[in-house]
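2 protein chains.
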Amino acid sequence: MARTPGFDRDQALGSLVRQFWRHGYRGTSTEDLCTTAALGRSSLYNTFGTKDVVYSECLSAYLADASTGFEAVLGAPGLSAFDKVAALLEGTVEQESRRQADGEPTGCLAVNTLVELAGDPAHAPVVDQVNRDTRARLAALATCIRLGQATGEINAALDASAYAEFVNATIVGIRVASRGGAGADTLRAIAACALRSLA
Amino acid sequence: MARTPGFDRDQALGSLVRQFWRHGYRGTSTEDLCTTAALGRSSLYNTFGTKDVVYSECLSAYLADASTGFEAVLGAPGLSAFDKVAALLEGTVEQESRRQADGEPTGCLAVNTLVELAGDPAHAPVVDQVNRDTRARLAALATCIRLGQATGEINAALDASAYAEFVNATIVGIRVASRGGAGADTLRAIAACALRSLA
DNA sequence: TTAATTCTGTACAGGTCGTCCCAGAAAGGT
DNA sequence: ACCTTTCTGGGACGACCTGTACAGAATTAA
């Protein structure tokens, strides 16, 4: 009883995510959004809403996708807690190198959001969105480390939540270095040094 | 033989640095620059030039100031190499906490520049500016670590330049966490975990 | 075929931004 | 006091941006 859209919503959202990821919120105009998603202005506004809303939805999609991979590693059967942390760091390195090679955007959209928009009251919602996601990630990481301490795989003298913060900070450092153009060997070196502090 | 300016150039530059630091390149308009520096548009353009030039000069001033503190730590007499690295990390934590308390901008302008402007060919010069500074910092850090290895203070099995990359990445992680609003205890935890990997 | 509903292209209003220009004010040297 | 040089305030201009409105095209169900 009505016309059907001439595009795939999820596919369009993927393009929008990559656009914001690479050029930031203020670095992309609404026309840029239309171009990368191959959408007219009307379709964009009817489907998603204003620029703020589009960004928030892109951030949600990005965080959901990242969480999937994150939880896949932490929930992997047959892996010790140490190996899970190692897989997390090495997975980050591998992901970044692959993205560099494929010409996909590098770095982390969550970090980019924090850097660009933190301190701007008008965009507090998306900053809170990132911080909530980070807290959840840290909690999951800390319980993983505590489990490893309970079974003796990880030094029980360490503060689990502090170590979770450290691992997260290292991942951030790797992603920023990658965005700066650092090579795969550099990223690998960072991850290897970080892992040494567990033993 | 001519009129004298009614403002202090360096003081104005300091205000401009803080403005860009807090709100980013695209997040500050030229009128914002005039307001924070208490300058008219003419004075701004006559003294510094276009927005790009102002940003580049702000970045230079920021990097020079950061380098001063960095080299002061690395060149401190009577400190072992390990203590120098520790002072570097703990100094970063202390600096960020103090800035949070004083309402000064948090995070790192160099990191912000990378995140916001990397991948935009029009701003490649400032990105290169940051990368050159980073390389110099990494080299100084690596030689410091090598010195510590030569005297036996630091595990000689470590790859010095890899460890330098790691320490730098950790500092980046601390600064990003601080910009995200993390408390002093969190930042301290990150630094402490990073230091553990030296022993 | 027809009617209802949704999608799409284009144009427009209101605002902001970056840059330049020009006249006048202020200060230093003579 | 006067002239030269520089600084300063304000405005102008073109370009861009965001969000909306509207008319026409397209598609589905009856």
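Sequences listed follow chains Z and B, in order.
Counting in our numbering, the first sequence runs without a single skipped number right up to 449 at its last residue.
Counting in our numbering, the second sequence runs without a single skipped number right up to 449 at its last residue.
For each residue, glycine too, the CB sits at the ideal point set by N, CA and C.
Around the beta carbon of Asn296 of chain Z, a 10 Å sphere encloses fewer than 16 other beta carbons of the protein chains shown; the residue is thus reported as exposed.
Each residue's CA atom was taken as its position, placing Asp409 of chain Z and Val335 of chain Z some 15 Å apart.
Residue burial annotation: Arg382 of chain B is exposed, with fewer than 16 other C-beta atoms found within 10 angstroms of its C-beta. When C-beta distances to chain Z are compared with 8 Å, the residues of the stretch 259-293 of chain B below that value are Arg272, His273, Gly274, Arg276 and Gly277, in chain order. When secondary structure is reduced to three states using DSSP, Cys358 of chain Z falls in the coil class, being assigned neither helix nor strand. Taking a C-beta distance under 8 Å as the contact criterion, Leu309 of chain B and Gln261 of chain B do not qualify as a contact pair. Distances from the CA of Leu329 of chain B to each of B:Asn418, B:Gly398 and B:Val304 were compared; the closest alpha carbon is that of B:Gly398. Contact between the stretch 314-331 of chain Z and the stretch 314-330 of chain B is absent: fewer than 3 CB-CB pairs across the two stretches fall below 8 Å. The alpha-carbon separation between Val361 of chain B and Ala360 of chain Z amounts to approximately 14 Å. Asp258 of chain Z sits in coil when the DSSP states are folded into three classes, being neither helix nor strand. Between Thr254 of chain B and the set B:Arg268, B:Ala389 and B:Ser293, the nearest pair of CA atoms involves B:Ser293. DSSP places Tyr275 of chain Z outside both helix and strand once states are collapsed to three, so it counts as coil. Close to chain B, meaning a Cβ-Cβ distance shorter than 7 Å, are the following residues of the stretch 406-418 of chain Z: Asp409, Ala412, Tyr413, Glu415 and Phe416. Within the model, the alpha-carbon separation for Gly277 of chain Z versus Ser411 of chain Z is close to 36 Å. Under the three-state reduction of DSSP, Arg253 of chain B is assigned to coil, being neither helix nor strand. Counting every other CB atom within 10 Å of its CB across the protein chains shown gives Ser279 of chain B a total below 16, marking it as exposed. For a cut-off of 8 Å, the C-beta gap from Cys443 of chain Z to Tyr413 of chain B is around 6 Å, short enough to register as a contact. Between Thr286 of chain Z and Ser306 of chain Z, the C-beta gap is not smaller than 8 Å, which leaves the two residues out of contact.
Here DSSP, grouped into helix, strand and coil, assigns Ala368 of chain Z to coil.
Legend: CB atoms of the stretch 365-390 of chain Z lying less than 9 Å from CB atoms of chain B belong to residues Val365, Glu366, Leu367, Ala368, Gly369, Asp370, Val377, Val380, Asn381 and Thr384. If you draw a 10 Å sphere on the C-beta of Gly256 of chain Z, you find fewer than 16 other C-beta atoms in it, and that means exposed.
The DSSP-derived three-state label of Leu329 of chain Z is coil.
Flagged as an interface residue toward chain B: Thr436 of chain Z, by a C-beta distance shorter than 8 Å. Here the C-alpha atom of Gly274 of chain Z lies approximately 7 Å from the C-alpha atom of Glu366 of chain B.
Secondary structure note for Asp383 of chain Z: its alpha helix (DSSP H) is the uninterrupted segment Ala374 to Ala400. Between the alpha carbons of Thr436 of chain Z and Leu289 of chain B lies a gap of roughly 44 Å. Following the DSSP letters along the chain, one finds Ile440 of chain B inside the alpha helix (DSSP H) bounded by residues Ala434 to Arg446. For Asp258 of chain B, the closest of B:Phe298, B:Ala389 and B:Gly430 by C-alpha to C-alpha distance is B:Phe298. Between the alpha carbons of Gly353 of chain B and Val304 of chain B lies a distance of about 23 Å.
When C-alpha distances from Gly357 of chain B are compared across B:Val376, B:Met251, B:Ala252 and B:Val267, the shortest belongs to B:Val267. With a cutoff of 8 Å on beta-carbon distance, Gly423 of chain Z and Val377 of chain B are scored as not near each other. Across the structure, Ile404 of chain Z and Asp282 of chain B are spaced so that their CA atoms are roughly 51 Å apart.
Sorting Z:Ala368, Z:Ala432, Z:Cys394 and Z:Ser428 by C-alpha distance to the C-alpha of Leu338 of chain Z places Z:Cys394 at the top. Asp409 of chain Z sits in coil when the DSSP states are folded into three classes, being neither helix nor strand. With a threshold of 8 Å between beta carbons, Thr420 of chain Z makes contact with chain B.
When rounded, the separation of the alpha-carbon atoms in Thr363 of chain B and Ala331 of chain Z is 36 Å.
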